[in-house]
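Novice: Have a look at this one before I ask anything.
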Amino acid sequence: MSAVNATIDWVKTRINNIDIFDEHHREEAKTNPWYSLGPIFYMVWFIVMFTGCVLIMWYVPTKAQAFDSILHIQTAIPFGGLMRGMHKYGADAMIIAATMRMYRMFICADYKPGKEFNIAIALVALLLSMYSGLTGYLLIWNQRAFWATKVFATFPTYMDQFPVMGDFYQPLVKSIHMGWNTAEVLLGGGAAITQETITRFFSIHLAFSLIPLIFVELYFYKNAYKRVPLSWAKRTIITLMLVVVAIILPAAQGKRSDPDVTPLPILSDWYFLGLYQMYKYLEPVVATEITIVLPLIVVGLPFMDVWLTGAEKDINKRPFIFWVVIMALVSWIVFSLLIIANIANIHTDPPYWRAFTYLTVNVGMGLQLWLMWQNKDAVQRAKQWKGALVITIIGASQAFWGFVYYYMAKVEMFRGPMFQQWFYGVMRPFLPDAEKLEAAMRKVQPTSTYFASTYKNDWQDWVKDNYVAKGGQDVQQAFDQVLAHCKLTSPVDWVVSWIPTFTPEHPKYLGMVDYLVTNRWAYDYVVFCDRMDPASKIETTTKGVFYPLPIPFWDWTWMIAGALFMVVGAYMTYTFKSGSQPAAKPAPAQPASAST
Amino acid sequence: MEGTTRRLVLKTLAAIPLAATFGLVVSPLLRYMRPTLKPLDVFGPSDQPGPEEDVSFSDSDFPAAWTCIDFMFKQKYVEYNPEGKEVREIPGFIVKLPSGDVVAYSRICPHLGCVFNFVKDPSECAKGYNFKPQGPVFACPCHLSVYDIAQNGKVVSGPAPRPPRKFDLKKEGNAYKIVGLEAGSIA
């Protein structure tokens, strides 16, 4: 049970080391102004709460009056414009401070030693301010707010297409409609942004500030920390900065929202622009996944860094983290600029972005390995096998993804169908007369008409309506052959015997063949084979271009780099690990007097 | 430390049924979040929406090919409010194709739910939406998805996963009646 105790100790240490607004970095703050970002965030939070309390007296959270009440605050209330400006720019300042603080924490390794949770806390602070911003700017009820909210509230519906929890493997897992429910909770039920949405967002906007404030205040009170350890001069400068910006650049009002017209171009608020551009580049399911996975990666990075470099805090000796930081910063800034200028070409850019993302991180991985190799100290060298293993694993995932991507790019089939055809391919040797079945399926639905995006888990029903009904005698014959084939047994039938179908009239699969045909896995394999074969001449959505498609040059770079890192990393792990016996201690130098 | 661990295990075992009990007590509160559900049916399917009233057009509304008219279709959702329903307006386009067929599409973009436009001029589409089509298209300003109307609403550019939803169209003599909307998700 000592493992349990060790785990509890490990967690307790990290909880004791919690640092919310840099209250443990007062010494560093004297020489390094970046350590004032936490207190600045906390102070601006108070300003935003105060101005918010003023605005709430005049603001009317209804569809009909929201926009006019803002107009009223701007024009008729004394200092109304100033209050609103300070509220808006204060919120922006919080997001800027929280973002810069994140970068500082990574560069200065503020999560070492034993303080890895602090990254998660800083991230929660950043995300809460971003979501407060998002819920806040719907309240203005202008065009930009309306359409950005529409996009934000709709993207969770793609969670329903995730593997495991979504609809995608309906034969295996019944969907809980997580995405649809999230969207309904956000919007108040239904497709439109309505009064329910504005009420909910108003409530969330307050809750995201008030509830964390209570906890933060309790924490500061309990531990008797100084709240905002800034001199009055600094506090005044920050407040004045907000006042001056709010006067020079009054907060924009925009055009009243119109649910019937999406203006072109339409952008979100500045901190979501990068994500907005990403949503143009990527398959929506992948974009949704990345939106969810990004924060998890940020929370995981400090742990990875500890495995790689131990207690080292010098950024020059942590090139992996340095280059990840560079990659994140450049992607975010360039994506934001691309969408502002509206110059991105969504058809030709993605290979460059994939290559940039992978290769920048790879530079860091390479430098990190080189540093490890340079280490001459035998004991330290032996300890590095863990870090080399981490890099091997990253390289291996990159190589694996490159391997999958190679086929995806060749045949333009997405991960789901790709997995399904692979599974069928593995099962194929166990199935009776697979060639016959495939030939019959080709006859029923020509592989050139395959459309993968809408998943079908009732292939027979679907082709019956779309192909068999319109086809001739031989199509009917082929279809009957497929149905007859579904009744055949195979040695692996027991695998599917326990899978429920969730359709009352067809409660159980007849066998493995029936399962693979019904869920379209067999047909995915047929399409995959035909598209990989240049002789079958299947046209892509672009006229005159045929499968299989060539791989763009820049994609080759990262695909090969991944494999390279896997091999080099594995070799170095082995070298470090096998040299882990400390070298025989040199005989202690004899005192000069002893020899004589 | 050994004694503490045993206690911890027992405490955890005792806590699981307690947590489950409180979870069950709290779960009906999820009901507050989803007004379209029947009471005490938290994980059940929502009621499906239906048409509130039909929209109709006549043949003379479409003098030439590529005449495109925008309209609002009233859709009725069952809600457990005093009226027993809520009516939502779904924006739509009804277009006459060069083949003489008339088709009607929901204007809600299947990507992320913005309302898309009818762009008649291919060069205008090339300027604003990063893609030069063969003819008139639907194009969405949010993430620049472009749908070819002549090819059944096929996605020809941009990230959209599928064509926009179609309205059910009934032809009665000279009149076109829009009687329903293809079922599906929010966007």
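Sequence lines, in order, name chains X and R. Letter by letter, the first sequence follows residues 1 to 596 of the working numbering. Letter by letter, the second sequence follows residues 1001 to 1187 of the working numbering. Glycine is no exception: its CB is placed at the ideal position from the N, C-alpha and C atoms.
1) DSSP on Arg354 of chain X, reduced to helix/strand/coil?
2) Which residues in the same chain as Ser595 of chain X place their Cβ atom closer than 6 Å to its Cβ, once the five residues preceding and following it in sequence are excluded?
3) Is the closest heavy atom of the ligand NAD to the C-beta of Tyr137 of chain X under 8 Å?
4) Based on Cα-Cα distance, which residue from X:Ile326, X:Gln421, X:Thr348, X:Ala440 lies nearest to Leu516 of chain X?
5) List in chain order: all unbroken beta strand (DSSP E) runs of 3+ residues lying wholly within the segment 519-567 of chain X.
6) Can you tell me where the beta strand (DSSP E) with Lys1170 of chain R in it begins and where it stops?
7) Which bits of chain X does Gly1128 of chain R rub up against, with CB to CB less than 9 Å?
8) Beta carbons nearer than 7 Å to chain X: which residues of the segment 1088-1108 of chain R have them?
9) Note the first and the last residue of the continuous beta strand (DSSP E) segment covering Arg1088 of chain R.
10) Along the segment 1136-1150 of chain R, where does the CB come closer than 8 Å to a CB of chain X? Name the residues.
11) Would you call Met130 of chain X buried or exposed, if buried means 16 or more other Cβ atoms sit within 10 Å of its Cβ?
12) Which value, in whole angstroms, describes the spacing of the CA atoms of Ala1150 of chain R and Glu1083 of chain R?
13) Can you name, in chain order, every residue of its own chain whose Cβ lies under 6 Å from the Cβ of Trp141 of chain X, other than the five neighbours on each side?
14) Looking only at its own chain, which residues have a Cβ that is under 8 Å from the Cβ of Pro582 of chain X, when we skip the five neighbours before and after it?
15) Give the DSSP-derived three-state secondary structure of Ala378 of chain X in the structure shown.
16) List the endpoints of the continuous alpha helix (DSSP H) containing Ala246 of chain X.
17) Roughly how many angstroms separate the alpha carbons of Ala409 of chain X and Ala251 of chain X, rounded to a whole number?
18) If you compare alpha carbons, which of X:Ala355, X:Val244, X:Ile394 is closest to Met304 of chain X?
19) Output needed for Val1119 of chain R: all residues of its chain with C-beta closer than 6 Å, excluding positions within five of it in sequence on either side, in chain order.
20) Is any beta-carbon of chain X found at less than 9 Å from that of Asn1117 of chain R?
21) I believe Ser1145 of chain R touches Pro1159 of chain R by the beta-carbon criterion, under 8 Å. Please report the beta-carbon distance rounded to the nearest angstrom.
22) Pop quiz: Leu134 of chain X and Phe162 of chain X are said to be a contact at Cβ under 8 Å. What is the actual Cβ separation, rounded to whole angstroms?
23) Closer than 8 Å by beta-carbon distance: list the chain R residues that pair up with Leu282 of chain X, in chain order.
24) Would Arg104 of chain X and Leu37 of chain X qualify as a contact pair, given that the criterion is a beta-carbon distance under 9 Å?
25) Going along the chain, which residues of the segment 144-160 of chain X sit with their C-beta nearer than 8 Å to a C-beta in chain R?
26) Can you tell me whether Ala91 of chain X is helix, strand or coil according to DSSP?
27) Could you pull the start and end residues of the beta strand (DSSP E) that Ile1108 of chain R belongs to?
28) Can you name the residues that DSSP bridges to Val1119 of chain R?
29) Rounded to whole angstroms, what is the Cα-Cα separation between Pro302 of chain X and Leu1029 of chain R?
30) Let me know the secondary structure DSSP gives Ala1212 of chain R once reduced to three states.
31) With C-beta atoms as the reference, is Pro1005 of chain R less than 9 Å away from Val4 of chain X?
32) Under 8 Å Cβ-Cβ, which residues of chain R neighbour Asn345 of chain X?
33) Pull up the CB-CB distance for Val48 of chain X and Gly90 of chain X, whole angstroms please, since I reckon it's below 8 Å.
34) Kindly indicate which three-state DSSP category Arg1162 of chain R falls into: helix, strand or coil?
35) Just the C-alpha distance for Lys577 of chain X and Phe565 of chain X, rounded to the nearest angstrom, thanks.
36) Using the DSSP secondary-structure output, state which residues sit across from Asp1148 of chain R in a beta bridge.
Specialist: Once the coordinates are examined:
1) helix
2) With a pLDDT of 44 at Ser595 of chain X, under the threshold of 50, the predicted position of this residue should be treated as unreliable, and no value is reported.
3) The ligand NAD is not among the ligands present in this structure, which contains no ligands whatsoever.
4) X:Gln421
5) none
6) 1167-1172
7) Leu264, Pro265, Asn342
8) Arg1088, Pro1091, Ile1108
9) 1085-1096
10) Cys1140, Pro1141, Cys1142, His1143, Leu1144
11) buried
12) 41 Å
13) Ala66, Phe67, Ser257
14) Bear in mind that a pLDDT of 49 at Pro582 of chain X, under 50, signals an unreliable position, so the number given afterwards is only what the model happens to contain. So the list reads Ala378, Val379, Ala382, once near-sequence residues are dropped.
15) helix
16) 232-248
17) 46 Å
18) X:Ile394
19) Cys1125, Val1137, Ala1139
20) yes
21) 6 Å
22) The Cβ separation is near 22 Å, so there is no contact.
23) Pro1159
24) yes
25) Trp147, Lys150, Val151, Ala153, Thr154, Phe155, Thr157, Asp160
26) helix
27) Run containing Ile1108 of chain R: none; DSSP gives neither H nor E here.
28) R:Val1137
29) 38 Å
30) There is simply no residue 1212 of chain R to check, as chain R begins at 1001 and stops at 1187 in what is shown.
31) Position check: residue 1005 of chain R holds Thr in this sequence, whereas Pro was assumed. Yes, the pair counts as a contact, with Cβ atoms nearer than the cut-off.
32) Asn1130
33) 4 Å
34) coil
35) 17 Å
36) R:Val1137, R:Lys1154
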